[in-house]
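In UniProt numbering, the protein residues as written are 1 to 382.
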């Protein structure tokens, strides 16, 4: 299927997907508009949040993010102090850089050092232990190291690769949310609920979403065809081609609450997190026009991803939220582009239902779909 088929957006594709076809598991792209809507069951979807489209929600969050980002940047530039950042290269030679406190980032440091560091680095390591976003400002003098996706030559480098892969999986969940939230026509509402902490061995990253009819709140039961999954993947590939930065920002609780005022599930999670945050500060990320809540870290930019695919959409039942769609995907770093047959194997594995913990409301014990061998790795981000 050519990219031209999806040249404007996924809306034409998903418009076809939201009508009952000869089989509920596939789409007949020649079907007439007289076909019946899919059978659904009632859910407890909040109609007040459902009244706002995914496009409008994204635009609202982006406007609040940009306003707060500019406010913080202006405040930081009023009185700029210098910090010393020390980088030790593979040859053992140390380089001292004097950067602007609260403004300069690891990426700025990398640009002073080499083109390879600035273009290939996925994460930074501050003071030998703290994983740090490439676009997160540095606030104190520190030592700095850089991690990338290249084949490791030592145990330390192998540990760095694990951090990079985890950041890639976490970033993949954000990209799923970015595409899926605006993939459906206006008659349906998509509410992003949460995504599990990345677990590489599961074979997929995940975002749990609630899709319902506008007004009635009836949940949608939808099993996308291969061509529809490919359409979603193409939308993600456009984000990769745009080479968007994953821009973190620490923001006050009230600002973050305002960002997510159209999503009561996110607001409930935010209130719960703030109870254990004395500083009342939360981290949000912007990638392209999409803003979401996560503790991070994320990879530096979308251009570091070589292949990205939506692998499956599974219907799951979460006691606290009712019927949800577990949207699953996988990604391959640009540094490790694989043969087509290898990608097919990765896609097949990623399509198997990821049995990470179901999303729950604050205060509810987590309930896995089944017993987990790696239970400790399966928690949820919001």
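Ideal Cβ placement from N, Cα and C applies to all residues, glycine included. Bear in mind the structure is a predicted one, so any value in this text is a computation, not a measurement.
Handout entry: Option in 148, 185, 328 and 144 with minimal Cα separation from residue 128
Key = Among 148, 185, 328 and 144, the Cα nearest to that of residue 128 is on 144.
Exercise for the section: Give the straight-line distance between the Cα atoms of residue 75 and residue 68, rounded to the nearest whole angstrom. Expected result: The alpha-carbon separation between residue 75 and residue 68 amounts to approximately 11 Å.
Handout entry: Cβ-based burial, residue 167 [other Cβ within 10 Å; buried from 16]
Key = It is buried - the Cβ of residue 167 has at least 16 other Cβ atoms within 10 Å.
Handout entry: For residue 88 and residue 46, the rounded distance between their alpha carbons
Key = Below a pLDDT of 50, predicted positions are generally treated as unreliable, and residue 46, at 43, falls in that range; no measurement from the model is reported.
Practice task
Would you kindly check if the distance between the Cβ of residue 158 and the Cβ of residue 188 is under 8 Å?
Solution key: No, these two residues do not count as a Cβ contact at 8 Å.
Handout entry: Where residue 220 sits in the DSSP three-state scheme
Key = Coil.
Exercise for the section: Kindly list the residues whose CB is nearer than 7 Å to the CB of residue 163, restricted to its own chain and excluding five residues on each side of it in sequence; keep chain order. Expected result: Contacts found: 123, 131 and 147.
Practice task
Keeping to the same chain, check which residues put their C-beta closer than 7 Å to that of residue 142; ignore five residues upstream and five downstream.
Solution key: 85, 126 and 127.
Practice task
Select from 114, 135, 359 and 303 the residue whose C-alpha is nearest the C-alpha of residue 412.
Solution key: Here the chain comprises residues numbered 1 to 382, so residue 412 is not present and cannot be evaluated.
Handout entry: Which of helix, strand or coil DSSP assigns to residue 292
Key = The three-state secondary structure of residue 292, taken from DSSP, is strand.
Problem - C-beta contact flag for residue 292 and residue 177 at 8 Å - result: In this structure, residue 177 lies closer than 8 Å to residue 292 by Cβ.
Practice task
Could you name each continuous alpha helix (DSSP H) segment of 4 residues or more that falls completely within the region 176 to 248, going from the start of the chain to the end?
Solution key: Runs of alpha helix (DSSP H) with 4 or more residues, each lying fully within the region 176 to 248, are found at 226 to 242, listed in chain order.
Problem - Cut-off 6 Å between Cβ atoms - residues of its own chain near residue 65, not counting five sequence neighbours on either side - result: Its chain contains 286 and 291 as the residues whose beta carbon lies nearer than 6 Å to that of residue 65, once the 5 sequence neighbours on both sides are disregarded; these appear in chain order.
Exercise for the section: Determine, using beta-carbon pairs with one atom in the region 317 to 336 and one in the region 274 to 282, whether at least three such pairs fall under 8 Å. Expected result: Touching, no, given that fewer than three Cβ pairs across the two stretches are closer than 8 Å.
Practice task
Taking the CB atoms as reference points, tell me whether residue 229 and residue 175 lie closer together than 8 Å.
Solution key: By the CB criterion at 8 Å, residue 229 and residue 175 fall outside the cutoff.
Exercise for the section: Quick one: residues in its chain with C-beta nearer than 7 Å to the C-beta of residue 352, no 5 flanking neighbours on either side, listed in chain order? Expected result: Within the same chain, residue 352 has close Cβ partners 203.
Exercise for the section: Kindly indicate the opening and closing residues of the beta strand (DSSP E) around residue 123. Expected result: Residues 123 to 126.
Handout entry: Integer Cβ distance of residue 193 from residue 324, believed to fall under 8 Å
Key = Contact holds; Cβ gap of about 6 Å.
Practice task
Assign residue 337 to buried or exposed, taking buried as 16 or more other Cβ atoms, counted over all protein chains shown, within 10 Å of its Cβ.
Solution key: Exposed.
Practice task
In the DSSP assignment, find the unbroken alpha helix (DSSP H) run with residue 394 in it and report its ends.
Solution key: Missing from the structure shown is residue 394; the chain here goes from 1 to 382 and no further.
Practice task
Tell me whether residue 101 sits in a helix, a strand or coil according to DSSP, three-state version.
Solution key: Note: residue 101 maps to coil in three-state DSSP.
Problem - Collapsed DSSP secondary structure at residue 302 in the structure displayed - result: It is helical.
Exercise for the section: Tell me, to the nearest whole angstrom, how far the beta carbon of residue 58 is from that of residue 181; I am working on the premise that it is less than 8 Å. Expected result: Taking the Cβ atoms as the reference, residue 58 lies roughly 6 Å from residue 181, within the contact range of under 8 Å.
Handout entry: Selected residue, minimal CA-CA separation from residue 191, among 350, 55 and 364
Key = When each option's Cα is compared against that of residue 191, the closest is 55.
Handout entry: Cβ neighbours of residue 245 in the same chain (closer than 6 Å, five flanking residues each side left out)
Key = In the same chain as residue 245, and ignoring 5 residues on each side of it, the C-beta atoms closer than 6 Å to its own belong to 135 and 301, in chain order.
Handout entry: From 275, 211, 155 and 199, residue whose alpha carbon lies closest to that of residue 169
Key = It is 199 whose Cα lies nearest to the Cα of residue 169.
Problem - Check whether residue 121 and residue 110 have beta carbons under 8 Å apart - result: Taking C-beta atoms as the reference points, residue 121 and residue 110 count as a pair closer than 8 Å.
Handout entry: residue 362 to residue 264 span [Cα, whole Å]
Key = Approximately 12 Å, taken between the alpha carbons.
Problem - Where residue 112 sits in the DSSP three-state scheme - result: Assignment of residue 112 by DSSP, reduced to helix, strand and coil, places it in the helix class.
Handout entry: Cβ pair residue 179, residue 235 closer than 8 Å
Key = Yes, Cβ-Cβ distance for residue 179 and residue 235 is below 8 Å.
Exercise for the section: Report the rounded CA-to-CA distance for residue 232 versus residue 335, giving the unit in angstroms. Expected result: It is roughly 23 Å from the alpha-carbon of residue 232 to the alpha-carbon of residue 335.
Handout entry: residue 53 burial status per 10 Å Cβ neighbour count (16 or more: buried)
Key = Buried: at least 16 other Cβ atoms inside 10 Å.
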